[in-house]
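In the numbering used here, the protein residues as written are 23 to 469.
Below: the structure, in structure tokens.
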Amino acid sequence: MKKTDTIAAIATALGESGIGIIRISGEDAIGIADKIFCGSKSLREVDSHTINYGHVYFGDEIIDEVLVMLMKAPRTFTGEDTVEINCHGGILILEKVLQAVLKSGARLALPGEFTKRAFLNGKMDLSQAEAVIDIIEAKNDLALKAGIRQLSGALTENIKTIRAKILEQIAFIEAALDDPEHYSLDGYSVKLRKIVKKLITRIEYLQKSFKDGSIIREGINTVIIGKPNAGKSSILNLLSRSDRAIVTDIAGTTRDTLTENIKLSGISLNITDTAGIRKTDDVVESIGVKKAIEASNNADLNLVVIDGLLPLDGEDISLLESVKDKQAIILINKSDKELKVSAHDIRKYSDKDVIIFSAKDNTGVDELENMIKTKFISNEINFNDQIIITNIRHQEIINEAMESLEMCLSSIDEGYEEDFFTIDLLNAYEALGEIIGETVDDDVVNE
23 MKKTDTIAAI ATALGESGIG IIRISGEDAI GIADKIFCGS KSLREVDSHT
73 INYGHVYFGD EIIDEVLVML MKAPRTFTGE DTVEINCHGG ILILEKVLQA
123 VLKSGARLAL PGEFTKRAFL NGKMDLSQAE AVIDIIEAKN DLALKAGIRQ
173 LSGALTENIK TIRAKILEQI AFIEAALDDP EHYSLDGYSV KLRKIVKKLI
223 TRIEYLQKSF KDGSIIREGI NTVIIGKPNA GKSSILNLLS RSDRAIVTDI
273 AGTTRDTLTE NIKLSGISLN ITDTAGIRKT DDVVESIGVK KAIEASNNAD
323 LNLVVIDGLL PLDGEDISLL ESVKDKQAII LINKSDKELK VSAHDIRKYS
373 DKDVIIFSAK DNTGVDELEN MIKTKFISNE INFNDQIIIT NIRHQEIINE
423 AMESLEMCLS SIDEGYEEDF FTIDLLNAYE ALGEIIGETV DDDVVNE
């Protein structure tokens, strides 16, 4: 496969719709499109960034009536000549147009290959290319905003600023070692220490943002636990605005875990309903109870549902104790009737937040939303001026750079010679370059 191959693919989601798009990119894109397109002019003769009406042919057969958008390099997404054929959005039509394009000399694009070419042709850096994927895969508003912010180059500029400052120090030390008559290192370690401390502070900010970023990107793994008939399934149905879980008055109806992805105040919750936790001789139910306990142990957040119509008993107290060292919110459910359990009763056994709740009349839902947001998102995020790290690869690199800068700081404090400093500074510089693709291997780019 050569980088100069002309590639093509269906650029819109598969499925029936009003419009579908075939994208072609490469040095022969215009010529290939011209072979199958018939309009008032040859595509070779039209101006760049124009839309052209006509028909797509496969041999002598008209496939579809189309609009062709023609964009000449370098002012395109990939940096190459690009043609987008806008046809009707039926699956059969799209496949026929694509086959005509491939028969005329294009190669079927690999997944992500258009974005890869944009990176290789300098239209975006690696972090921006990754942001394209994040935008496409965004599960909630905050994830979308974080992706758009990264695509804008905010992270890139921040990383470039840090790297430039590091490179400035490396260059000065190297110059002073090579030409001590013109560059003096006297007292430089004191100055360097201040600079490295400031760089560490900037990187710490990025490190800390990953807590919010991972929640924004992946969502909060939330598990609903409680005794049978406490109202767990009703709460799942309420929060997911669906009837996904079966609700009956029969204890032990839910025997397996059931997970839904829901949006709560712009955050995704991967919320799991579980079997009622109790002692049981039923083999199937006991498997469900075991799964519930495992899910609870692996959750980011436990919603512990207490049946408010029954006084607290030993099983309730065991549940409260089971989340003692976990992130949890206690819901006293069924407040639409006269409760026999109060927040005061709960606080005798747990210091977790308590909400008076009703899955029947929505009492407590707004309070729950606000509480979850407060627990998992540190502050109100302003995407206009904040940079949020959402990518685990970026976080690992930032941790690596931080380690190198801390080692540099340690070398300064221990009185090492200046040439030792450049080793750690260079490691930090190269590590940060991996985020934006300036120091990265082909495997990462392909991934």
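In this text, a Cβ means the ideal position worked out from N, Cα and C, and glycines have one as well.
Please read all numbers here as calculations on a predicted model, not as lab measurements.
- For residue 426, the enclosing alpha helix (DSSP H) begins and ends at 414-435.
- Judged by beta-carbon spacing, residue 157 lies within the 8 Å limit of residue 169, meaning their Cβ atoms are closer than that value.
- The beta-carbon distance between residue 44 and residue 33, rounded to whole angstroms, is 7 Å. This is short enough to meet the 8 Å contact definition.
- In the three-state DSSP reduction, residue 291 falls in the strand class (E or B).
- Residue 262 and residue 284 do touch by the CB rule: their CB atoms are close to 5 Å apart, below 8 Å.
- If you look at residue 104, you'll find it in the beta strand (DSSP E) that goes 104-110.
- Every alpha helix (DSSP H) of 4 residues or more that sits fully in the stretch 61-147 is shown, in chain order, as 113-125, 135-142.
- Burial check for residue 155: the Cβ neighbour count within 10 Å stays below 16, so the residue is exposed.
- Counting only runs of 4+ residues, the alpha helix (DSSP H) found wholly inside the stretch 309-395 occupies 336-344, 365-369, in chain order.
- In this structure, the beta-carbon distance from residue 78 to residue 119 falls below 8 Å.
- With a cut-off of 8 Å on Cβ pairs, the stretch 238-258 is in contact with the stretch 331-346, counting three or more such pairs.
- The C-alpha of residue 206 is placed about 13 Å away from the C-alpha of residue 191.
- For residue 180, the three-state secondary structure derived from DSSP is helix.
- In this chain, the alpha helix (DSSP H) harbouring residue 53 covers 51-58.
- Just so you know, the alpha carbons of residue 409 and residue 416 end up roughly 12 Å apart.
- Beta-bridge analysis with DSSP links residue 45 to 31, 106.
- Bounds of any beta strand (DSSP E) do not take in residue 169; it lies within the alpha helix (DSSP H) bounded by 163-173.
- For residue 230, the enclosing alpha helix (DSSP H) begins and ends at 210-240.
- In the DSSP assignment, residue 38 falls outside any alpha helix (DSSP H), carrying neither H nor E.
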